[in-house]
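In the working numbering, the protein residues as written are 255 to 515. Just so it is clear, CB atoms sit at the ideal spot from N, CA and C, and this is done for glycine as well.
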């Protein structure tokens, strides 16, 4: 059963071990993640299914990282100490691959003991006190928007009937082009994209997400569009109430924390 659904940023700057000097600027987002962590803890999930775009990606298939255990590794960001181990939910992964293949949806498995930062950062921030959860690390593809929405529908066919208490987290930062000093510089499509995504989340109108012009999405320089599409496909028809904890863009990158209750 689905007990929790959220959209979160995944910038490593949220970890104080990586960016102490940026913590004040990220205060609102950090506080939102703490509040979201409390909400997640309160529902006692057994499994966290997390959607990220920074793991191994296959342009022609959706994928899951299947390994006997995983660990976080943030040394590329200068953090040599922070690490945590997670274990897979083999039952849910097996069901997902069977459903995908029965639906003729391109799907593959790969194996990597190291979790990508798009997966690791939300897990570290949100599950500090959930010591016995299993995880399902999912990566999106290069397929069009419609396919990602349909993949979310497929995930729902596995998540909802399950007797396990499952949390789903879509991990992604919004536009990286909101200001002249942003990582991608300023592009007018950036602020437009972020404003549109926020409104879509608040009104739960995924059809507008599907109608976005691919070139405009590309020019926004985002990494949260496809995870959100999958999440919206999963939540379709469930009458969830969205709650935006925060939207902030202190470094020209949009960070959105939203919970669907």
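query: Three-state secondary structure (DSSP) of residue 304; result: strand
query: First and last residue of the uninterrupted alpha helix (DSSP H) at residue 376; result: 371 to 380
query: Residue 404 versus 449, 450, 480, residue with shortest Cα-Cα distance; result: 480
query: Limits of the alpha helix (DSSP H) - the one that residue 412 falls within; result: 399 to 413
query: Residue 478 classed as buried or exposed, judged by whether at least 16 other C-beta atoms fall within 10 angstroms; result: buried
query: Between the CA atoms of residue 401 and residue 301 - distance to the nearest angstrom; result: 24 Å
query: For residue 448, the three-state DSSP class (helix, strand or coil); result: helix
query: Cβ neighbour criterion (16 or more within 10 Å) applied to residue 395; result: buried
query: Expected contact under 8 Å - CB spacing of residue 430 and residue 507 to nearest Å; result: 5 Å
query: CB of residue 392 within 8 Å of CB of residue 318, strictly; result: yes
query: Same chain, Cβ closer than 7 Å to residue 313, five either side skipped, listed in chain order; result: 395, 396
query: Contact check, residue 406 vs residue 486, beta carbons under 8 Å; result: yes
query: Nonlocal neighbours in the same chain, by C-beta distance under 7 Å from residue 327, ignoring five residues either side; result: 337, 368
query: Cβ neighbours of residue 379 in the same chain (closer than 7 Å, five flanking residues each side left out); result: 268, 287, 291
query: Boundaries (first-last residue) of the beta strand (DSSP E) holding residue 470; result: Counting along the chain, residue 470 falls outside any beta strand (DSSP E), though it belongs to the alpha helix (DSSP H) covering 468 to 473.
query: Per-residue burial, residue 468 [other beta carbons within 10 Å of its own, 16 or more giving buried]; result: exposed
query: Spatially closest choice to residue 316 from 266, 355, 285, 276, by CA coordinates; result: 355
query: Residue 573 classed as buried or exposed, judged by whether at least 16 other C-beta atoms fall within 10 angstroms; result: With the chain represented from 255 up to 515, any question about residue 573 goes unanswered, as that position is not in the structure.
query: Cβ distance (whole Å) where residue 343 is taken to contact residue 390 below 8 Å; result: 5 Å
query: Beta-carbon contacts of residue 462 that lie in its chain and below 6 Å, excluding the five residues immediately before and after; result: 454
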